[in-house]
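Working notes for the structure below.
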Amino acid sequence: MSQTLTLTSAIDGFEFSALGVQPEGPRKGGVVVIQEIFGLDQYVQADLARWAARGYEAIAPSLFDRVTPGYVAEHDPEGFQNGVAAVGKVGMPAMLSDIQACIDALKDKGPVFAVGYCMGGSLVWLAASKLEGLAAGSSYYGSQVRANAALPLHCPVIVHLGAQDAHIDAEATKAAIWTTHPDVPVHVYEASGHGFNNDGRPDSDLADAELARERTVALFEEIAASLEGAPA
Numbered sequence: 000m001s002q003t004l005t006l007t008s009a010i011d012g013f014e015f016s017a018l019g020v021q022p023e024g025p026r027k028g029g030v031v032v033i034q035e036i037f038g039l040d041q042y043v044q045a046d047l048a049r050w051a052a053r054g055y056e057a058i059a060p061s062l063f064d065r066v067t068p069g070y071v072a073e074h075d076p077e078g079f080q081n082g083v084a085a086v087g088k089v090g091m092p093a094m095l096s097d098i099q100a101c102i103d104a105l106k107d108k109g110p111v112f113a114v115g116y117c118m119g120g121s122l123v124w125l126a127a128s129k130l131e132g133l134a135a136g137s138s139y140y141g142s143q144v145r146a147n148a149a150l151p152l153h154c155p156v157i158v159h160l161g162a163q164d165a166h167i168d169a170e171a172t173k174a175a176i177w178t179t180h181p182d183v184p185v186h187v188y189e190a191s192g193h194g195f196n197n198d199g200r201p202d203s204d205l206a207d208a209e210l211a212r213e214r215t216v217a218l219f220e221e222i223a224a225s226l227e228g229a230p231a
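Read left to right, the sequence shown gives residues 0 to 231 (numbering that gives the first Met the number 0).
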C-alpha cells in the first residue's frame, strides 16, 4: 500500500507530495516512478505496486503540485490539454529538481533507478544527463528524447517505443539515439502504440508491456549487481 510523502525541491524550496511504497521482501534498491501528464493516476499506482512486489522501494513525485496539488486527470482530450498546460506552467527544470529530491531521499539505502512514461520518459532521459545519483534509467515513449538524443548520459538507459505510436516516430527516435549513443538499448514494440505500459488501454499489448518490464528489471538488476561487486 502506498503512503503520501512530502519532499522539498532544491530549486525553490517548494514542498511537493509523492506516493511511496516499501519493498516486499529483501530490498533491492530504489526506483523513482515518473508520471505521464495525467498525474499520479491508477496506472502510476499500479506501477508502484509492481515495483514493490519486485523488492524495490519506489517513489512517484506529484510533478504538477505547483499548479494543482494532487493533480490527476482522465486520459481524454481535456485531460491531455490540461496536462500540456501544466507542463508549460511548471517547466522541466522544476520537475527535474523534484526528481532529484526523490533520488536524494533514496540514495543512502542503495542504488537508485528511474522509470518514466510519456512526459516521464522524456524526464528519465534528461535526468540521466542532468541529475546526480541515478544508477540507471528506463525511458518509455518520451516525445522529447529524439530532440535531446545528443545529450551526454551519465548512467545506463534503456528506451521503449511503440511501433504504432501516432505521436512519436519510433524508428527516427531510435536512429537519433544511436547516432550519439549506439550502445543504448532501444526496443520498438510492434504491437503497441503510445502509453502501452498502461494495462487495458487501447494502445497497450500485454505481452509487449510485460516484455518491456522484464527488460527494465534485467537492466536494473545487472547494474545493482555490478555496483555490489565494485571496489569501495
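Backbone N, C-alpha and C fix where the C-beta goes; we use that ideal spot for every residue, glycine too.
Can you give the Cα-Cα distance for residue i and residue j, rounded to whole angstroms?
i    : j    : result
E220 : K108 : 15 Å
V114 : S137 : 5 Å
V123 : I33  : 8 Å
S292 : Y42  : Summary: the structure shown does not reach residue 292, with the chain confined to residues 0 through 231, and so no result is reported for it.
F37  : N196 : 14 Å
R26  : A48  : 14 Å
R214 : V83  : 29 Å
A93  : I10  : 7 Å
A208 : D198 : 8 Å
V168 : R212 : The amino acid occupying residue 168 in the given sequence is Asp; Val does not appear at that position. Roughly 21 Å separates the two Cα atoms.
P184 : T172 : 12 Å
G12  : Q44  : 26 Å
Y70  : D182 : 37 Å
Since residue i and residue j are thought to touch, with beta carbons under 8 Å apart, how far apart are those beta carbons, to the nearest angstrom?
i    : j    : result
A135 : L218 : 6 Å
G54  : V111 : That belief does not hold up - the Cβ atoms of G54 and V111 are roughly 14 Å apart, past 8 Å.
L150 : S128 : 4 Å
G120 : V156 : Not a contact, Cβ separation roughly 10 Å.
L95  : L125 : 6 Å
P68  : D97  : Not confirmed; about 13 Å, so no contact.
Whose C-alpha, out of the options, is nearest the C-alpha of residue i?
i    : options                  : result
L62  : A17, I176, F112 and A175 : A17
H193 : R65, W50, G161 and Q2    : G161
S142 : L130, H166 and S1        : H166
R65  : V144, G87 and S191       : G87
L210 : T7, H159, S1 and G12     : H159
D164 : S1, V31 and Y188         : Y188
L130 : Q44, V185 and M91        : M91
I222 : Q80, L133 and A175       : L133
W177 : A206, L205 and A146      : A146
C154 : H180, T67, Q21 and K173  : H180
E35  : D182, V89, F79 and S1    : F79
Y140 : S203, N81 and V89        : S203
I58  : V89, M0 and T67          : M0
Q21  : H186, S191, Q2 and A175  : Q2
By the 10 Å Cβ neighbour count, where 16 or more other Cβ atoms means buried, how is residue i classified, buried or exposed?
i    : result
P201 : exposed
A148 : buried
T5   : exposed
A231 : The pLDDT assigned to A231 is 47, lower than 50, so where the model puts this residue is not dependable, and the model offers no usable value.
W50  : buried
E170 : exposed
A52  : exposed
L205 : exposed
E56  : buried
E23  : exposed
- [ ] Determine, using beta-carbon pairs with one atom in the segment 110-125 and one in the segment 65-76, whether at least three such pairs fall under 8 Å.
- [x] With a cut-off of 8 Å on Cβ pairs, the segment 110-125 is not in contact with the segment 65-76, counting fewer than three such pairs.
- [ ] Answer yes if the segment 93-101 comes into contact with the segment 8-26, meaning at least three C-beta pairs across the two stretches below 8 Å, and no otherwise.
- [x] Yes: the two stretches touch, three or more of their Cβ pairs being nearer than 8 Å.
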